[in-house]
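K.L.:
I have a structure I would like to understand better, so I am pasting it below and will then ask my questions one at a time.
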Amino acid sequence: KQEVTQIPAALSVPEGENLVLNCSFTDSAIYNLQWFRQDPGKGLTSLLLIQSSQREQTSGRLNASLDKSSGRSTLYIAASQPGDSATYLCAVRLNAGNMLTFGGGTRLMVKP
Amino acid sequence: DTAVSQTPKYLVTQMGNDKSIKCEQNLGHDTMYWYKQDSKKFLKIMFSYNNKELIINETVPNRFSPKSPDKAHLNLHINSLELGDSAVYFCASSRPGNSPLHFGNGTRLTVT
Chain A
1 KQEVTQIPAA LSVPEGENLV LNCSFTDSAI YNLQWFRQDP GKGLTSLLLI QSSQREQTSG
61 RLNASLDKSS GRSTLYIAAS QPGDSATYLC AVRLNAGNML TFGGGTRLMV KP
Chain B
1001 DTAVSQTPKY LVTQMGNDKS IKCEQNLGHD TMYWYKQDSK KFLKIMFSYN NKELIINETV
1061 PNRFSPKSPD KAHLNLHINS LELGDSAVYF CASSRPGNSP LHFGNGTRLT VT
């Protein structure tokens, strides 16, 4: 059974810092991995999707890496801003028809 | 022009009642999902439908019955509501294969 863990559970940083969020998964035979952002009272917004054959994906100030063999992914946020404050969730998909298994999320607070 | 829309946004009801949550997506996706987010913010798959057919049914009580009248809609009907059903329910949709999931804004269900 796939288990996904995110560390830390919460993180508070001053504005402008670069930061890394961690995600680990127990079954390395994944189809893809997706990072989401969730704002309070809102749904999830897809940030980046990394296919199993890829090592990283970039979108603006966000960079996600994937190391399947070690069962790890990181989300790097450069030059953090208060607007980045949200909960960040990673989720893995085992095969094309299977559902996503989510981690518990990292609650990020960026202070002005 | 909301991509995945759920109604209602909030639902407060008493134990034993029957209620429904509606979901519609205008993205032309073939696959739709229901996820449950509990008080600890863990997201878990409940159901997955592909072209109106059920493909995943996780260990969900049979009081929960999804209905897909067409591939743009996936409604969730819940019978005999219990206190433990209180959670935020998210609808999502995706294309087959290596495509990101798109989530609705959630329905916060409170059973009293």
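Chains as they are written, first to last, in the numbering used here: chain A, 1 to 112; chain B, 1001 to 1112.
The beta-carbon is built from N, C-alpha and C at its ideal position, and this holds for glycine as well.
Would you kindly work out how many angstroms separate the C-alpha atoms of Trp-1034/B and Gln-34/A, rounded to a whole number?
P.N.:
Straight-line Cα distance between these residues: approximately 17 Å.
K.L.:
What is the rounded straight-line gap between the Cα of Arg-61/A and the Cα of Ile-77/A?
P.N.:
Approximately 6 Å, taken between the alpha carbons.
K.L.:
Give me the residue from Lys-1067/B, His-1029/B, Asp-1038/B with the minimum Cα distance to Phe-1047/B.
P.N.:
Closest by alpha carbon: Lys-1067/B.
K.L.:
Consult DSSP for Pro-1069/B and reduce its assignment to one of helix, strand or coil.
P.N.:
DSSP places Pro-1069/B in strand when its eight states are reduced to three.
K.L.:
Between Lys-1036/B and chain A, is there a C-beta pair that is closer than 8 Å?
P.N.:
Not one chain A Cβ lies under 8 Å of Lys-1036/B.
K.L.:
Kindly identify the DSSP beta-bridge partner or partners of Gln-51/A.
P.N.:
Beta-bridge pairing links Gln-51/A to Asn-32/A.
K.L.:
Would you say Leu-100/A reaches chain B, if we count a Cβ-Cβ gap shorter than 8 Å as a contact?
P.N.:
Leu-100/A counts as touching chain B.
K.L.:
Tell me, to the nearest whole angstrom, how far the beta carbon of Ala-86/A is from that of Arg-55/A; I am working on the premise that it is less than 8 Å.
P.N.:
With 8 Å as the limit, Ala-86/A and Arg-55/A do not qualify as a contact, their Cβ atoms being about 25 Å apart.
K.L.:
In three-state terms, what does DSSP make of Leu-44/A?
P.N.:
Strand, per DSSP.
K.L.:
So, is the C-beta of Asn-32/A closer than 8 Å to a C-beta in chain B?
P.N.:
By this cut-off, Asn-32/A is an interface position.
K.L.:
So does the segment 5-25 of chain A actually touch the segment 67-77 of chain A, counting three or more Cβ pairs closer than 8 Å?
P.N.:
Touching, yes.
K.L.:
I'd like to know whether the C-beta atoms of Pro-1096/B and Asp-1030/B end up nearer to each other than 8 Å.
P.N.:
Yes; because the gap between Cβ atoms is below 8 Å, this pair is in contact.
K.L.:
Give me the DSSP bridge partner(s) of Glu-1058/B.
P.N.:
Answer by DSSP bridge pairing: none, since Glu-1058/B is not bridged.
K.L.:
Helix or strand or just coil, what does DSSP make of Leu-1083/B?
P.N.:
Helix.
K.L.:
Which residues, in order along the segment 51-74 of chain A, keep a beta-carbon less than 8 Å from a beta-carbon of chain B?
P.N.:
If the cut-off is 8 Å between Cβ atoms, the segment 51-74 of chain A has Gln-51 near chain B.
K.L.:
Using 8 Å as the limit for Cβ to Cβ distance, is His-1077/B near chain A?
P.N.:
It does not: the Cβ of His-1077/B has no partner Cβ on chain A nearer than 8 Å.
K.L.:
Pull up the CB-CB distance for Phe-1090/B and Gly-43/A, whole angstroms please, since I reckon it's below 8 Å.
P.N.:
So it is a contact: roughly 6 Å between Cβ atoms.
K.L.:
Can you look up Asp-67/A in the DSSP assignment and give me helix, strand or coil?
P.N.:
In the structure shown, Asp-67/A sits in a strand (DSSP, three-state: E or B).
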